[in-house]
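Now the structure itself:
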């Protein structure tokens, strides 16, 4: 069991190495585009696009979505959407190289797949709401925000991780 | 392995420390003398009275006129929409917000272009951008726009067109109703710089 | 274990790469050759004091009496210089102002406490070069009011009725407000602060020729 | 000299190509660091795996240091770098909601894309949940609107909030991070390993 564990962790980058690489990438992103990395913005753009396509009137009436609709600039035509496509491709390649491609539900042996999926959906839902309210997610607000020394980045980082710590005990069964 | 981590940690600390002891850099670095010298020689900072007139008539929102003469002179007569910053106050921090921007083309003018160029020089040295000087100043403004001299009939069509524009502009500035035909729109625009310095919309 | 070591090596390489980039940056950091030596507020005071402006009369005096300790510097291009210049002047075109031998010359003249008088065709032409040299810390540099245009006498008495010497270019050549009043002639002229709201008043005079009407 | 795109050095037509390339590298690094596993991510809250904290802080420090050095060397105009505006109330509430979402779902948006890309079904569900979440948010926006726009402090920087210089702040962060890394590695060794 223990050797298995070691085998597994070896396949991943040394965390500091990953961190330095990610930092350099973030720096490069700032250097080229003047803004940081992000993820949840792409989901927002997709939602805007989807709603706009399905029910245009509805999207234009919605106070929030209509902020992101303009005639000449299609919501899908967005930096973050393309970045997200890149994330999917990059992660796929990395997973393929290390032999981690596998369709599965990852969960603690103490809980069922169903329970894990319900919690995942709930988490996603909350993250969707929270990322809009907080104007960015862990990568966009917290990581990029911290790198550019934005106060909002530090607030996001502290509140996200702090709250997760506080609630960790309630959810321990899911993970340990 | 532990040694390696200690070394890396040391590198981080040293990098942070070096940054700490480096002399502080100003937010907006002073423009280098050579850059100013270059801009003066290439005369990229001058804008003709014709172009100023056209932009005023078109109510160009990207134009900001700054009168660097004394307040009395400004109150006595100034160009439409001009703000007053007397030359001796040009460095006053009150004006930083107005001058330190990249959205508009700021055009300094005085009676001639000497004081305006001095104001331009100081603001430019402070690192501000998109600054211009109206060539010839108000004296030239009156000589060209308000009371243009008619070119001899032998002059080129371009000159005659320019004269007609000036004449019409002059009528406009005297409160008359005039249909102002534009001069060649291509060269009527001020040197539009390629780099549009917009703050990017970012976020997650 | 060897494998793990390799991974830490990779980390070290990444870190060293990062440090190298910064070190190379410092080595290649362009140190500007010229820096403004005079603080900006002092430079403004100098300009406002008008101490370093020289009238054409004084210049004529210097040249005709062959006064020592002055050097005229013509900042126009060599062709203009060749067409005519102040007799004792040397030519340093404003494009070459900061060339190393010219800077050396200015340094030398400062050392010898020679007063340098810059001039162009008019004041405006030498103004930039003069201000740059002043701000670089050359205290002994002056500017010739009116430039070569007035010195050479081309324009001396053109506006003789005026009491103010015509080389004072910043003097208004017109009474702007009065002229505007006169020209607008009943039309409500655009006044400062009015923010050019277009006042449409039908043209009353000289309807025939639009070009000549109005102003 | 930089940032390149806002200054027009690279044309905006390259914007999207660069977006894909940067995203590709981002996804690759996240996945290779182990961010595609929700249990690895959640480990930081139970002390059995601190990879998130290590990667996150190292990256932030490297980027902070890099930005300050780049700015010093004149390679980047720090004033043109986008600083997320601070809306204090909505940031805090949003952060709390995201925190609960994080511990419950085990992912954050970026990592859920990585997980989804290598076939984690829970990550896909998480992503789907996110879509619904944003839809719900936009539906209920009038409800959130006052909160969303309250406490606007503009593009505030932490150095302005704390009133210290940027280099000093980064130096302090480094001095805090290094012992932190050491401590969490010790904790990691003590806490019972979790097999995932």
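Residue numbers (the numbering used here), protein chains in the order written: chain Z, 15 to 190; chain E, -15 to 188; chain D, 10 to 224; chain S, 7 to 202. We put the beta carbon where it would ideally sit given N, CA and C, even for glycine.
Query                                                                                                                           : Result
Three-way DSSP call (helix, strand, coil) for residue 99(D) in this model                                                       : strand
Interface residues of chain D facing residue 86(S) [CB-CB closer than 8 angstroms]                                              : By Cβ distance, chain D contributes nothing, its closest Cβ being about 19 angstroms from residue 86(S), past 8 angstroms.
Interfacial residues, the region 65 to 82 of chain S to chain D, with Cβ spacing under 9 angstroms                              : 68, 71, 72, 75, 76, 78, 79, 80, 81
Given residue 118(Z) as reference, the closest of 38(Z), 128(Z), 28(Z), 49(Z) once Cα atoms are compared                        : 128(Z)
Assigned secondary structure, residue 60(E) (DSSP; H/G/I helix, E/B strand, else coil)                                          : helix
Per-residue burial, residue 76(D) [other beta carbons within 10 Å of its own, 16 or more giving buried]                         : exposed
Rounded C-alpha distance that separates residue 5(S) from residue 53(S)                                                         : Within the shown structure, residues of chain S are numbered from 7 to 202, placing residue 5(S) beyond reach of any answer.
Cross-chain neighbours of residue 75(Z) in chain S, by beta carbon under 8 angstroms                                            : Near residue 75(Z) there are no residues of chain S at all, since even the closest Cβ is about 11 angstroms away, more than 8 angstroms.
Residue 31(D): contacting residues in chain A (beta-carbon distance under 7 angstroms)                                          : No chain A is present in this structure, whose protein chains are Z, E, D and S.
Pair within 7 angstroms by beta-carbon distance, residue 212(S) and residue 132(S)                                              : The structure shown does not extend to residue 212(S), since chain S is modelled only from 7 to 202, so the question has no answer here.
Residue span of the alpha helix (DSSP H) that contains residue 118(Z), given as start and end                                   : Run containing residue 118(Z): none; DSSP gives neither H nor E here.
Touch test, the region 52 to 64 of chain Z against the region 67 to 74 of chain S, Cβ-Cβ under 8 angstroms, three pairs minimum : no
Cβ neighbour criterion (16 or more within 10 Å) applied to residue 123(E)                                                       : buried
Minimum Cβ-Cβ distance from residue 2(S) to chain Z less than 7 angstroms                                                       : The shown model of chain S, from 7 to 202, leaves out residue 2(S), and the question about it has no answer.
Straight-line gap, residue 184(D) to residue 89(E) (C-alpha atoms, nearest Å)                                                   : 28 angstroms
Three-state secondary structure assigned by DSSP to residue 113(E)                                                              : coil
Sequence-distant residues of its chain with Cβ nearer than 8 angstroms to residue 118(D) (five each side left out)              : 80, 125, 149
Distance, residue 155(Z) Cα to residue 146(Z) Cα                                                                                : 11 angstroms
Endpoints, the alpha helix (DSSP H) within which residue 225(D) is located                                                      : This structure leaves residue 225(D) out entirely; chain D is present only between 10 and 224.
Residue 156(E) beta carbon near the ligand NAP (any heavy atom closer than 6 angstroms)                                         : What this structure holds is no ligand at all, so the ligand NAP is not there to describe.
Contact list for residue 175(D) against chain E, beta-carbon separation under 8 angstroms                                       : Ordered by position in chain E, no residue passes the 8 angstroms Cβ test against residue 175(D), which lies about 11 angstroms from the chain.
is_contact[residue 166(E), chain D] using C-beta, thresh 7 angstroms                                                            : Because the pLDDT of residue 166(E) is 45, which lies under 50, any placement of that residue in the model is unreliable, and the question is left without a value.
Coil, strand or helix - residue 175(D) by DSSP                                                                                  : coil
Chain S contact for residue 125(Z) (CB, 7 angstroms cutoff)                                                                     : no
Burial state of residue 96(E) (16 or more Cβ within 10 Å)                                                                       : buried
Secondary structure, alpha helix (DSSP H): runs of 4+ residues fully inside the region 39 to 115 of chain S                     : 44 to 52, 57 to 78, 94 to 111
Test item: CB-CB of residue 74(E) and residue 106(E) under 7 angstroms                                                          : yes
Proximity test, Cβ basis, 7 angstroms: residue 19(D) and chain Z                                                                : yes
Closest residue to residue 41(E) among 63(E), 0(E), 120(E), 113(E) (Cα-Cα distance)                                             : 63(E)
Cβ of residue 1(Z) within 7 angstroms of any chain S Cβ                                                                         : For chain Z, the structure presents residues 15 to 190; residue 1(Z) sits outside this window and is missing.
Identity of the residue in 119(S), 97(S), 114(S) nearest residue 155(S) by Cα                                                   : 97(S)
The region 24 to 31 of chain E contacting the region 152 to 160 of chain D, beta-carbon criterion three pairs below 8 angstroms : no
Residue closest to residue 103(S), alpha-carbon to alpha-carbon, out of 143(S), 159(S), 119(S)                                  : 143(S)
Own chain partners of residue 37(E) with C-beta closer than 6 angstroms, once the 5 adjacent residues on each side are dropped  : 129, 153
8 angstroms contact criterion, which residue 163(S) and residue 40(Z) should meet: CB distance rounded                          : About 17 angstroms separates the two Cβ atoms, so there is no contact after all.
Residue 64(S) versus residue 57(S): straight-line alpha-carbon distance, rounded                                                : 10 angstroms
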